[in-house]
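Q: Basically this note's numbering = 1-based index in the sequence shown + 33.
Even glycine gets a Cβ: it sits at the ideal position worked out from N, Cα and C.
This is the structure I want to talk about, given as structure tokens.
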Amino acid sequence: MLETVNRRQFLTTAGVSALTLLAGTNRLLGGAAKPSGLKIAYSAITWGGNDAQAIADLSALGYRGIQLRANAFGPYKAKPSELKALLDQHHLALAMFSSGNVEIDPAKEQSTIDMHVAHASFVKALGGSAIQLTNSARPKDRLPTTEELKRLATVMNEIGKQTADLGVQATYHNHMSQLGETPEEVDVIIQAMNPKFMKLELDIAHYKQGGGEPEKAVKQYKDIIYALHLKDTMSPLPDKPDNPKAYKFVELGRGNVNVPAVFKALEEIKFKGWGIIELDGVPEKDKTAAQCAQINKDYITKTLNHPL
């Protein structure tokens, strides 16, 4: 009997040691596990409307998901199967669809809702499951009122309710120069959102530029985050060192966002969803959209040791 117990103890100890050794070897070889199911996608916005080229380039680089914009709706709304076939051919999932702005003017409410619901139907036909909502322009001569921020949430809640009937999740994208620029404004909007119908798409660079710490926001809003926009922001700018308001969005690792801390926070909350790399445009004129995507890929896979 003693011999049997000792044999079991040996086998158990040997098994644990082997697993420990394997884990250590993986760390030495750079084989760390990805943060709790975080999937990496890339936004086509950098290609300036040439979605076919964006699809081809991102597929060639090994990305598995893509975000398309509302500009794709016009050419393909009568033939979504063609766009879906193109995505399928390049093995890209539609991670998110930029559906456009939400107007808070009561006179424009119904047309705003109808537009986003139409986009949601389009997304469904493409095999996607989420749309992104931004919002109307920020007042130029004053801060937005609490009532305006809550009004935005009210309209988005109704959009989310109707898109949910189609099986499409509506998400709110925080954005500079719009309602919800600062962390305080973002919080007012989120607190007024109905979590049953609306989720958060946290843009880490916009949130940082607005005065917040995105790694803290990840934890603060862990129960409502559906996706993230991954990009960096550079401020002040080398050519405008005395202008604290001047900034530009750059590839990951080149700006002021603590991207590793964001990834650590995502791991801690066990986030499972899309992190969508986005650049509104190429930061320097001598780069191409594909080169920027390669730079971002290298940062994700080599610096952060996270697979695509």
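Please name the residue in Y96, G107 and E142 whose C-alpha comes closest to that of H123.
A: Position 90 of the sequence shown, counted from the start, is the residue given in the question as residue 123. It is Y96.
Q: Can you have a look at P177 and say buried or exposed, based on whether 16 or more other CB atoms are within 10 angstroms of its CB?
A: In the sequence shown, residue 177 corresponds to position 144, counting from 1. Answer is buried; the Cβ neighbour count reaches 16.
Q: Kindly list the residues whose CB is nearer than 8 Å to the CB of K273, restricted to its own chain and excluding five residues on each side of it in sequence; keep chain order.
A: Start at 1 with the first residue of the sequence shown, and residue 273 comes out as number 240. Counting only Cβ-Cβ distances below 8 Å, and skipping sequence neighbours, we find A279.
Q: Under 8 Å between the Cβ atoms of N168 and M226?
A: Looking up residue 168 in the sequence shown gives position 135. Looking up residue 226 in the sequence shown gives position 193. Contact: no.
Q: If you draw a straight line from the alpha carbon of G213 to that of Y109, how long is it in whole angstroms?
A: In the sequence shown, the residue the question calls residue 213 occupies position 180. In the sequence shown, the residue the question calls residue 109 occupies position 76. Looking at the two C-alpha atoms, the distance is approximately 31 Å.
Q: I think I309 touches Y75, with their Cβ atoms under 8 Å apart; what is that distance to the nearest whole Å?
A: Residue mapping note: residue 309 aligns to position 276 of the sequence shown, counting from 1. Residue mapping note: residue 75 aligns to position 42 of the sequence shown, counting from 1. The Cβ separation is near 7 Å, so the contact holds.
Q: Output the distance between the C-alpha atoms of A158 and V315, rounded to the nearest integer angstrom.
A: Stepping through the sequence shown from its first residue, residue 158 is reached at position 125. Stepping through the sequence shown from its first residue, residue 315 is reached at position 282. So the two alpha carbons sit approximately 30 Å from each other.
Q: Taking the DSSP output, what are the residues bridged to E234?
A: In the sequence shown, residue 234 corresponds to position 201, counting from 1. In the DSSP output, where bridge partners are listed per residue, E234 has H206 and A260.
Q: For K194, I'd like the list of residues in its chain whose CB is within less than 6 Å of its CB, leaving aside the five on either flank, ordered along the chain.
A: Residue 194 sits at position 161 when you count from the first residue of the sequence shown. F230, listed in sequence order.
Q: Express the C-alpha separation of G133 and Q324 in angstroms, rounding to a whole number.
A: The residue labelled residue 324 in the question sits at position 291 within the sequence shown. The residue labelled residue 133 in the question sits at position 100 within the sequence shown. Q324 and G133: Cα-Cα distance of roughly 27 Å.
Q: For D147 and F130, I'd like the C-alpha separation in whole angstroms.
A: Here residue 147 refers to the residue found at position 114 of the sequence shown. Here residue 130 refers to the residue found at position 97 of the sequence shown. Approximately 16 Å, taken between the alpha carbons.
Q: So which of K241, R184, T187 and D275 has the shortest CA-CA distance to N291?
A: Here residue 291 refers to the residue found at position 258 of the sequence shown. N291 has its Cα closest to that of K241, out of K241, R184, T187 and D275.
Q: Within its chain, find whatever has a CB closer than 8 Å to the CB of K117; leave out the 5 residues flanking it on each side and keep chain order.
A: In the sequence shown, the residue the question calls residue 117 occupies position 84. Same-chain partners within the cutoff: A158, L159 and G160.
Q: Closer than 8 Å by C-beta to L52: which residues in its own chain qualify, once you throw out the five before and the five after it? Chain order, please.
A: Residue 52 sits at position 19 when you count from the first residue of the sequence shown. Confidence in L52 is poor, its pLDDT being 39 and thus under 50, which makes the residue's placement unreliable; the coordinate value appears in the next sentence. So the list is empty, once near-sequence residues are dropped.
Q: Suppose the cutoff is 8 Å on Cβ atoms and the five residues either side in sequence are ignored; what does the same chain contact list for I99 look like?
A: Numbered from 1 along the sequence shown, position 66 holds the residue referred to as residue 99. Within the same chain, I99 has close Cβ partners A74, Y75, S76, A77, A87, I88, L91, L120, L125, A126, L127 and A128.
Q: For A153 versus V221, is the C-beta distance shorter than 8 Å?
A: Numbered from its first residue, the sequence shown carries residue 153 at position 120. Numbered from its first residue, the sequence shown carries residue 221 at position 188. The criterion of a C-beta distance shorter than 8 Å is not satisfied by A153 and V221.
Q: Pull up the distance between the alpha-carbon of S84 and that of T204, whole angstroms please.
A: As a first step, residue 84 is located in the sequence shown; it is residue number 51 there, counting from the start. As a first step, residue 204 is located in the sequence shown; it is residue number 171 there, counting from the start. Here the sequence assigns Asp to residue 84, which means Ser is not the residue at that position. Computed Cα separation, rounded: 22 Å.
Q: Could you give the DSSP three-state label for R184: helix, strand or coil?
A: The residue you call residue 184 lines up with position 151 of the sequence shown. Reduced to three states, the DSSP call for R184 is helix.
Q: Would you mind stating whether L263 and K281 have Cβ atoms separated by less than 8 Å?
A: The residue you call residue 263 lines up with position 230 of the sequence shown. The residue you call residue 281 lines up with position 248 of the sequence shown. The answer is no: Cβ separation not under 8 Å.
Q: With a CB to CB cut of under 7 Å and the five nearest residues on each side skipped, what residues in its chain are close to R102?
A: As a first step, residue 102 must be located in the sequence shown, where it is residue number 69. Within the same chain, R102 has close Cβ partners A77, I78 and S131.
Q: Check for me: the beta strand (DSSP E) holding F130 runs from which residue to which?
A: The residue you call residue 130 lines up with position 97 of the sequence shown. A126 to V135 is the span of the beta strand (DSSP E), which, as asked, contains F130.
Q: Cα separation between A197 and H339?
A: Position 164 of the sequence shown, counted from the start, is the residue given in the question as residue 197. Position 306 of the sequence shown, counted from the start, is the residue given in the question as residue 339. Their backbone Cα atoms lie some 32 Å apart in a straight line.
Q: I'd like to check one pair, F296 with L261: are the Cβ atoms closer than 8 Å?
A: Taking the sequence shown and counting its residues from 1, the one referred to as residue 261 is at position 228. Taking the sequence shown and counting its residues from 1, the one referred to as residue 296 is at position 263. Cβ atoms of L261 and F296: not closer than 8 Å.
Q: When the distance is taken between beta carbons, is M209 closer than 8 Å to G243?
A: One-based indexing of the sequence shown puts residue 243 at position 210. One-based indexing of the sequence shown puts residue 209 at position 176. In terms of Cβ geometry, G243 and M209 form a close pair [threshold 8 Å].
Q: Measure the Cβ-Cβ separation of L299 and L71 and say whether it is below 8 Å.
A: In the sequence shown, residue 299 corresponds to position 266, counting from 1. In the sequence shown, residue 71 corresponds to position 38, counting from 1. Yes, these two residues count as a Cβ contact at 8 Å.
Q: Between L312, D275, E301 and G306, which has its C-alpha nearest R287's C-alpha?
A: As a first step, residue 287 is located in the sequence shown; it is residue number 254 there, counting from the start. Of the candidates L312, D275, E301 and G306, the one whose C-alpha sits nearest the C-alpha of R287 is L312.
Q: Taking only the alpha-carbon atoms, compute the straight-line gap between T215 and G245 and give it to the nearest angstrom.
A: By one-based count along the sequence shown, residue 215 stands at place 182. By one-based count along the sequence shown, residue 245 stands at place 212. Using only the alpha carbons, I get a separation of about 7 Å.
Q: In the DSSP output, what is T167 paired with across the bridge?
A: Counting from 1 along the sequence shown, the entry for residue 167 is found at position 134. Note: T167 sits in a beta bridge opposite N134.
Q: With Q100 as the anchor, note down where its beta strand (DSSP E) starts and where it stops.
A: The sequence position of residue 100 within the sequence shown is 67, counting from 1. Taken as a continuous stretch (DSSP letters only), the beta strand (DSSP E) holding Q100 covers G98 to R102.
Q: Could you check how far apart the C-beta atoms of V251 and D265 are, in whole angstroms? I think they sit under 8 Å.
A: Within the sequence shown, residue 251 is the residue found at index 218, counting from 1. Within the sequence shown, residue 265 is the residue found at index 232, counting from 1. About 16 Å separates the two Cβ atoms, so there is no contact after all.
Q: For Q165 and E317, what's the separation of their Cα atoms in angstroms?
A: For this step, residue 165 is matched to residue 132 along the sequence shown. For this step, residue 317 is matched to residue 284 along the sequence shown. When rounded, the distance between both Cα atoms is 27 Å.
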